[in-house]
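Enquirer: If you read the protein sequences in the order shown, they are chains A and B.
Numbered by this note's numbering, the letters in the first sequence go through residues -3 to 325 in order.
Numbered by this note's numbering, the letters in the second sequence go through residues 30 to 496 in order.
We put the beta carbon where it would ideally sit given N, CA and C, even for glycine.
Keep in mind it's a predicted model, so treat the numbers as computed, not measured.
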Amino acid sequence: MTVIWAGIIAFAVVAYVVMDGFDLGIGMLFPRLRVGEERDSAMNSIAPVWDGNETWLVMGGGGLLAAFPLAYAIVLPALYAPLTAMLLGLVLRGVAFEFRWRESNHRAAWDLAFTTGSLVATFAQGITLGALLQGITVEGRAYAGGWWDWLTPFSLVTGLSLCVGYALLGACWLVMKAEGELQDRAFALARPLCVAMIVAISLVSAATPFLEGQYYQRWFAWPGLLVTVPMPLLVLGVGWMLWRSLGRRQERAPFLWVLSLFGLCFIGLAISIWPDAIPGRVTIWQAAAPEKSQIFMLVGASVLVPLILAYTAWSYWVFRGKVGSHGYH
Amino acid sequence: MTDAETALLLARFQFAFTVSFHFIFPAFSIGLASYLMVLEALWLKTGREVYLTLYRYWLKIFAVAFAMGVVSGIVMSYQFGTNWSVFSDKAGPVIGPLMAYEVLTAFFLEAGFLGVMLFGMKKVGKGLHFAATCAVALGTFISAFWILSVNSWMQTPVGYVVNANGQFEAAGSWLTVIFNPSFPYRLIHTVTAAYLTTALAVGGVGAWHLLRDRGNSGAQTMFSMAMWMAALVAPVQILVGDQHGLNTLEHQPAKVMAMEGHFQSHPAGAPLILFGWPDQEQKQIRSSIEIPGLSSLILKHDLNAPLAGLDTVPRDQWPNVAIVFWAFRIMVGLGFLMLGLGLWSLFARVRGRLHDWTWLHRAAVAMGPAGFVAVIAGWVTTEAGRQPWTIQGLLRTAESVSPLAAPAVGGSLIAFVIVYFTVFTAGTLYILKLMGKPPLPHEPDPAPIPIRTAGITPVAGMKGEKR
């Protein structure tokens, strides 16, 4: 039961990163797009789906509280500042999204809020990841560190890396969805981001095993080596495919290749972390809620999550194809 | 004050601030969703254009209010962990699943039906569209159901055991947990409050436009409907509130003592203190105006019934009497004003002057925001009245808080205040702007622009689809 719930929450996180990643990325790329039609098209391309995307975040948080209350209770205070910043960023961006269209005389200000919110939220999520990986101080059943513990060179690097990753996702999404000048611009933005992404993955991967304790063991001892050796090759290979597909101006392939890159990152993270709820501190079994709570929730989740997934799939299907400047057609 | 005490106080401020901001919007959207359902039903039944006009008019406002509620709700779902981590660890196994159900149902609804409701009138046909409206109204109610169940469990916890980790977990049936003793009362009282709040807001808007143009049929209809609601629901709400109070007396007597301002026990009939200044140090109400025996009459249905006071409760288990005492009086006072407005409107109706009695309209405009104030005051009464506990009698607020330094909480509180005031001021101004426009025949549908609340519904994008 605990493993099932760990799977559900991991799935919510992956779904969130993949889906909200590209629309946060577009928020960060916004200043590079021309005011007017380009920005409107970019916004239109994510308009129908982004709110659904964000709801996975609420599900991840809500699920964590219900299924792993101890992990929820330790991680959230430990990451107080970045999480607060993330929430405020998301609030700002969500409302900017709405008012940008309604109050056209303040559009420049709302655009700025949209970009700032996206950037802050992404950077904070990256820092959260870094801070979790580098380990947080736990005593008994509570966080025992200070409120700046999350700030280290490593977490800054993961923060920047995630910004690069999301921006790349956003650019490739635009490549897929846009036409004309906006698409040209997206191609132009994607190439340097592609290089930056590979550099970022390399940096984070190279630093992680040397953080402390278990990571080094996992990656450089048998049977971890089985994964360690091919991993860099796979990343480089996928990176090369991405680069090439951009060069050939393929429209869908780049987005899929970026998703593959993210997939490799998730596999790497899974190897580093499993089966911990808080890396190196608390396992999922220690953090788990009593079985009774997990079963009660699973009843609802097993009905509603598939419905939501089907619904999401359907809406992405309806909105397939190019966006145009006046919404999907 | 020590650093820990400061941090606790700041965390409480932050929670009160964010939850109050959040609560305003659901209180409005729960009522509006049902109002829209009634309007559409009337339109389908009578075919009268004015109902469709009003439906479209309020739909635009509903969309914005709903969006604000969702945005501010995301913050709430994380704040339990960031600021109340010990509470989350201990209560998570009980309240976590209930909150997860709220998220799942709300998401399902948001994704599934709101978009149809907002954009789908011409695309899915009248019957299906009405079904979507009903589903949204039902969904807002289901959201309230789960959240209030959680809150009620914190007020009147039952059906739990404490496990080896010090966590509360469900002992037997989940139904015992969900339908805990205060839940039915709180649910009815809160949902009725949402209806009344909406009725007053709708009535205020209608009155505003009647003051400018008596002949506007949309304004006439919405004002009339709202005043029926005020006249019928306000007295019901006063009765429901009374029952809720009796329930509280049974389970959380200290809260009622603070509401009544009873520092001392009254063995031979307790007076109803109308006004006064609670002095917690001196354990008395200064310069009070009292009606002898009335409190006993209300709470025990007997003028001379003995009533215990806070002197029977250990000093370290008292709530802040002044806050509870005054919040309660604001709520009740506004409730009676609402009743008064409702009765006035009945009188005006009998005299056939409902649509041209300027002073009635002015009063209705003034009472437009009263529901929101009353809802917040009621919330403060019940939450501050539960102090010093987060889970009544089991877990103290001081023991629930996250181990955070005061500057961290202070910083986040400032950030929340700045962002919330900017963002929600913009939202509220926009709603007021929409309300400032009179309802006109052939009210357009919401502009087909991207909207957060449309969720992932593809209906908006189906314009060009061949069917």
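Please check the pair G247 (chain B) and Y86 (chain B), which I expect to be a contact at CB under 8 Å, by giving their CB distance rounded to whole angstroms.
Expert: Yes, they are in contact, since the Cβ atoms of G247 (chain B) and Y86 (chain B) sit about 7 Å apart, within 8 Å.
Enquirer: How would you write the range of the alpha helix (DSSP H) that D118 (chain B) sits in, first residue to last?
Expert: 114 to 138 is the extent of the alpha helix (DSSP H) around D118 (chain B).
Enquirer: How would you list, in chain order, the residues of chain B whose beta-carbon sits under 9 Å from the beta-carbon of F7 (chain A)?
Expert: None at all; the shortest Cβ gap to chain B is about 14 Å.
Enquirer: Just checking my contact of L268 (chain B) with R215 (chain B) at CB under 8 Å: how many whole Å lie between their CB atoms?
Expert: Their Cβ separation, rounded to whole angstroms, is 15 Å, which puts L268 (chain B) and R215 (chain B) out of contact at 8 Å.
Enquirer: By the DSSP assignment, the beta strand (DSSP E) with W418 (chain B) in it spans what residues?
Expert: Taken as a continuous stretch (DSSP letters only), the beta strand (DSSP E) holding W418 (chain B) covers 418 to 420.
Enquirer: Check the Cβ of G302 (chain A) against every Cβ in chain B and list those closer than 7 Å, keeping chain order.
Expert: Here residue 302 (chain A) turns out to be Pro, not Gly, going by the sequence shown. Those do not exist, as P302 (chain A) stays about 11 Å from chain B at its closest Cβ, beyond 7 Å.
Enquirer: I think A138 (chain A) touches P432 (chain B), with their Cβ atoms under 8 Å apart; what is that distance to the nearest whole Å?
Expert: Contact holds; Cβ gap of about 6 Å.
Enquirer: Assuming P467 (chain B) and H238 (chain B) form a contact by the criterion Cβ under 8 Å, report the distance between their Cβ atoms to the nearest whole angstrom.
Expert: That belief holds up - the Cβ atoms of P467 (chain B) and H238 (chain B) are roughly 5 Å apart, short of 8 Å.
Enquirer: Is the shortest distance between the beta-carbon of G23 (chain A) and the beta-carbons of chain B less than 9 Å?
Expert: Judged by the 9 Å Cβ criterion, G23 (chain A) is not in contact with chain B.
Enquirer: Identify each residue in the region 187 to 211 of chain B for which the Cβ-Cβ distance to at least one residue of chain A is less than 8 Å, and report them in chain order.
Expert: Listed by position, the residues of the region 187 to 211 of chain B near chain A (Cβ gap below 8 Å) are N192, N194, G195, Q196, E198, A199, W203.
Enquirer: Checking contacts by CB at 9 Å: is M(-3) (chain A) closer than that to chain B?
Expert: For M(-3) (chain A), the answer is no, since every Cβ of chain B falls outside 9 Å of its Cβ.
Enquirer: Could you say if the region 54 to 67 of chain B and the region 46 to 60 of chain A meet the contact criterion of at least three C-beta pairs nearer than 8 Å?
Expert: With the cut-off at 8 Å, the region 54 to 67 of chain B and the region 46 to 60 of chain A do not touch.
Enquirer: Roughly how many angstroms lie between the CA atoms of D16 (chain A) and Q179 (chain A), to the nearest whole one?
Expert: If I take the Cα positions, the gap works out to 20 Å.
Enquirer: Would a C-beta distance cut-off of 9 Å place P228 (chain A) and S114 (chain B) closer than the cut-off?
Expert: Against a cut-off of 9 Å, the Cβ pair of S114 (chain B) and P228 (chain A) comes out as no contact.
Enquirer: Inspect the beta-carbon positions of L129 (chain A) and C159 (chain A) and report whether they are closer than 9 Å.
Expert: Going by C-beta atoms, L129 (chain A) is not nearer than 9 Å to C159 (chain A).
Enquirer: Roughly how many whole angstroms lie between the Cα atoms of V96 (chain B) and F54 (chain B)?
Expert: The question names Val, but residue 96 (chain B) is Ala in the sequence shown. Going by the C-alpha atoms only, they are around 9 Å apart.
Enquirer: As a quick exercise: from A:I132, A:C168, A:G122, A:G166, pick the residue whose alpha carbon is nearest that of L152 (chain A).
Expert: The shortest C-alpha separation from L152 (chain A) is found at A:G122.
Enquirer: DSSP on V448 (chain B), reduced to helix/strand/coil?
Expert: V448 (chain B) falls in the helix class under three-state DSSP.
Enquirer: CB-CB under 8 Å to R425 (chain B), same chain, minus the five flanking residues each way: which ones, in chain order?
Expert: Correct list, in chain order: P417, W418, T419.
Enquirer: With R358 (chain B) as the anchor, note down where its alpha helix (DSSP H) starts and where it stops.
Expert: Run containing R358 (chain B): 350 to 379, per the alpha helix (DSSP H) assignment.
Enquirer: Taking 9 Å as the threshold (beta carbon to beta carbon), is S289 (chain A) in contact with chain B?
Expert: Closer than 9 Å to some Cβ of chain B, the Cβ of S289 (chain A) qualifies, so yes.
Enquirer: Please indicate yes or no: does the CB of W215 (chain A) lie closer than 8 Å to some heavy atom of the ligand ATP?
Expert: Ligands in the displayed structure: none, and consequently the ligand ATP is not present.
Enquirer: For a contact meaning CB atoms closer than 7 Å, what does L133 (chain B) contact in chain A?
Expert: Ordered by position in chain A, the residues that pass the 7 Å Cβ test against L133 (chain B) are G296, A297, L300.
Enquirer: Could you name the residues of chain A that V452 (chain B) contacts, counting a contact when the two beta carbons are closer than 8 Å?
Expert: In chain order: V87, L88, V91.
Enquirer: Measure the CB-CB distance between L238 (chain A) and C190 (chain A) and report whether it falls below 9 Å.
Expert: Yes; because the gap between Cβ atoms is below 9 Å, this pair is in contact.
Enquirer: Excluding the 5 residues preceding and the 5 following P479 (chain B) in the sequence, name in chain order all residues of the same chain whose CB lies nearer than 7 Å to its CB.
Expert: A caution first: P479 (chain B) carries a pLDDT of 47, below 50, which makes its placement in the model unreliable, though a value can still be read off. Here the set comprises nothing.
Enquirer: Compute the distance between the beta-carbons of M251 (chain B) and L83 (chain B), then report whether it is under 9 Å.
Expert: Yes, these two residues count as a Cβ contact at 9 Å.
Enquirer: Just mark A259 (chain B) as buried or exposed, buried being the case when its beta carbon has 16 or more other beta carbons within 10 Å.
Expert: Result: buried.
Enquirer: Is DSSP giving W281 (chain A) helix, strand or coil here?
Expert: Residue state, collapsed to three classes: helix.
Enquirer: What residues in the region 166 to 178 of chain A bring their beta carbon closer than 8 Å to a beta carbon of chain B?
Expert: So the list is empty, because no residue satisfies the distance condition.
Enquirer: List, in order along the chain, the chain B residues whose C-beta lies closer than 7 Å to that of P73 (chain A)?
Expert: By Cβ distance, chain B contributes T111, S114, S431, P432, L433.
Enquirer: Please go through the region 190 to 233 of chain B and give each complete beta strand (DSSP E) segment of 3 or more residues, from N-terminal end onward.
Expert: Counting whole runs of 3 or more residues, the region 190 to 233 of chain B contains the beta strand (DSSP E) stretches 197 to 199.
Enquirer: By the three-class DSSP mapping on this structure, what secondary structure does L303 (chain B) have?
Expert: Strand.
Enquirer: Would you call E94 (chain A) buried or exposed, if buried means 16 or more other Cβ atoms sit within 10 Å of its Cβ?
Expert: Buried, by the Cβ-count rule.
Enquirer: Below 8 Å on the Cβ atoms is my guess for A351 (chain B) versus Q309 (chain B); work out the distance and round it to an integer in Å.
Expert: A351 (chain B) to Q309 (chain B), Cβ: 7 Å. Contact.
Enquirer: Near E247 (chain A), which residues of its chain fall below 7 Å by C-beta distance, leaving aside the five closest residues on each side in sequence?
Expert: Excluding positions up to five away in sequence, the list reads V171, M172.
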